[in-house]
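Note that the sequence shown covers residues 2 to 81 in our numbering. As structure tokens, the structure follows; a few thoughts come after it.
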Amino acid sequence: MLAEFHPDDSLAKLISTCESNGQCSGHAICIKRSNTGFCRCLPNYHGNGISCWEEIGSETNSNEKIPTESQEQSIESLVI
Numbered sequence: 002m003l004a005e006f007h008p009d010d011s012l013a014k015l016i017s018t019c020e021s022n023g024q025c026s027g028h029a030i031c032i033k034r035s036n037t038g039f040c041r042c043l044p045n046y047h048g049n050g051i052s053c054w055e056e057i058g059s060e061t062n063s064n065e066k067i068p069t070e071s072q073e074q075s076i077e078s079l080v081i
């Protein structure tokens, strides 16, 4: 079942295409419509489906994926 429209969906549809959840951020799911899909960030996360960040002020669930130190360093190296 497809959830209602999210404000971040417009951008996500432009830059993220997917066939399965594995093609999206670890904090996103693949929303399939017809033959194509796009990545949507999970609740309490914002972004374009490829990159999702936690909403400020939300509590982290112990089952959620948290970036490792090496992943954080990789992300920081991409920021110019």
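Note that the Cβ used here is the ideal one computed from N, Cα and C, for glycine as well. Since we're looking at a predicted model, the values are computed, not measured.
Just reading off the alpha helix (DSSP H) that residue i is part of, what are its end residues?
i     : result
Ile16 : 10 to 16
What first and last residue would you give for the beta strand (DSSP E) that runs through residue i?
i     : result
Gly48 : 46 to 48
Glu55 : 53 to 55
Gly38 : 37 to 42
Look up residue i in the DSSP assignment and say whether it is helix, strand or coil.
i     : result
Gly95 : Absent from the structure is residue 95, since the part of the chain shown begins at 2 and ends at 81.
Taking the alpha-carbon of residue i as reference, which of the options has the nearest alpha-carbon?
i     : options                    : result
Cys7  : Glu55, His47, Ile16        : A small fix is needed here, since residue 7 is His in this sequence, not Cys. Among Glu55, His47, Ile16, the Cα nearest to that of His7 belongs to His47.
Ile57 : Ile51, Gly50, Pro44        : Pro44
Lys33 : Gly27, Gly23, Gln24, Cys19 : Cys19
If you measure from the beta carbon of residue i to each beta carbon in chain B, is any gap under 9 Å?
i     : result
Ile32 : As a matter of chain content, chain B is missing from the structure shown, which is built from one protein chain.
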